[in-house]
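Be aware that the sequence shown starts at 6, since it is given in my numbering, and climbs by one per residue. Quick notes on the structure that follows.
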Amino acid sequence: MLRWTGVILAVWMAAIPAFSAEKPPRPKAVRSDIQLAVQVAASGLGGLVAGVEGREERLRLIRGYVTKARFFPDGEGYFFVYDLEGICVAHGVQPELVGRSLINLKDASGFSVIRALVEVGRKGGGYIEYAWPKPGSEGDFDKIGYVEAIPGTDYIIGSGLYFVDLR
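In structure tokens form, the structure reads like this:
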């Protein structure tokens with residue numbers, strides 16, 4: 006009996022580190038996570054602004070959502086919205102971009118990021134790869150974005166994942 010008690014105690018003691026108070030690392034996101042988030046937001050915003058008269062009231066509702074919406078367990082997921090002329094109308098983490106025309110913005114490789122996002126969104130949606138500043142970090146990081154049109158509007162909504170955050 007004493008021998009089994011020692012074995013059980015040894016196994017139990019070896020298992021204690023597994024029950025530490027540290028949070029386990031969050032699972033990394035995958036491409037389909039970002040697509041689903043954007044599709045749900047686009048559909049929801051389309052429904053929210055359906056029947057709303059006036060551009061300013063529509064923008065107020067869209068901005069109210071985008072400013073507060075966060076997703077992924079760590080809250081790093083955010084949205085951006087552009088009109089079809091490339092003017093940023095809402096941005097979850099870079100409010101200083103709102104109201105600015107970014108249609109001619111190019112990443113470090115010379116790729117016209119916003120022009121491409123608008124074109125893909127206008128055609129029904131899809132993925133685009135580009136470089137963009139990562140909030141809380143220095144410099145540009147490779148990113149994959151997904152965009153699509155907000156139904157019933159002349160806006161596209163998107164989000165993205167930095168390749169360093171993908172699994």
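Built from N, CA and C at the ideal position, the CB exists for glycine as well. Bear in mind that the values here come from a model prediction, so they are computed numbers and not experimental data.
Could you tell me which of the options sits nearest to residue i, measuring between CA atoms?
{"i": "V98", "options": "V123, V45 and F76", "result": "F76"}
{"i": "K111", "options": "A121, G104 and R105", "result": "A121"}
{"i": "G49", "options": "R36, Y70, S37 and V35", "result": "Y70"}
{"i": "V5", "options": "R65, F84 and R60", "result": "Because the chain in this structure spans residues 6 to 172, residue 5 falls outside the shown range and cannot be described."}
{"i": "Y135", "options": "G141, S114 and G129", "result": "S114"}
{"i": "G157", "options": "G52, Q40 and R36", "result": "G52"}
{"i": "A95", "options": "G82, P138, F116 and R65", "result": "R65"}
{"i": "G126", "options": "E90, S106 and S142", "result": "E90"}
{"i": "G141", "options": "Y167, R63, E124 and I92", "result": "Y167"}
{"i": "K128", "options": "D147, D159 and K139", "result": "D159"}
{"i": "E124", "options": "G82, T72, A74 and Y87", "result": "Y87"}
{"i": "G82", "options": "D147, G130 and Q40", "result": "Q40"}
Any idea which residues DSSP pairs residue i with across the strands?
{"i": "D147", "result": "A136"}
{"i": "G165", "result": "G150"}
I need the straight-line Cα distance from residue i to residue j, nearest angstrom please.
{"i": "K28", "j": "N109", "result": "Confidence at K28 is low in this model, with a pLDDT of 46, below 50, so the placement of that residue is unreliable and no value is reported for it."}
{"i": "G163", "j": "E58", "result": "24 Å"}
{"i": "D79", "j": "D170", "result": "12 Å"}
{"i": "Y132", "j": "G165", "result": "9 Å"}
{"i": "D38", "j": "G150", "result": "11 Å"}
{"i": "V118", "j": "G104", "result": "17 Å"}
{"i": "E143", "j": "F116", "result": "20 Å"}
{"i": "C93", "j": "E61", "result": "14 Å"}
{"i": "R68", "j": "V54", "result": "11 Å"}
{"i": "P138", "j": "I161", "result": "20 Å"}
{"i": "S106", "j": "P100", "result": "13 Å"}
{"i": "A26", "j": "K73", "result": "Because the pLDDT of A26 is 48, which lies under 50, any placement of that residue in the model is unreliable, and the number read from its coordinates should be weighed accordingly. Those two C-alpha atoms are separated by around 30 Å."}
{"i": "V35", "j": "I155", "result": "23 Å"}
Could you tell me whether any non-hydrogen atom of the ligand MN is closer than 8 Å to the CB of residue i?
{"i": "K139", "result": "Only the bare structure without any ligand can be found here, which leaves the ligand MN out of the picture."}
For residue i versus residue j, is the C-beta spacing smaller than 9 Å?
{"i": "A47", "j": "E153", "result": "yes"}
Within the segment 40 to 84, ranges of the beta strand (DSSP E) (whole runs, at least 3 residues): none
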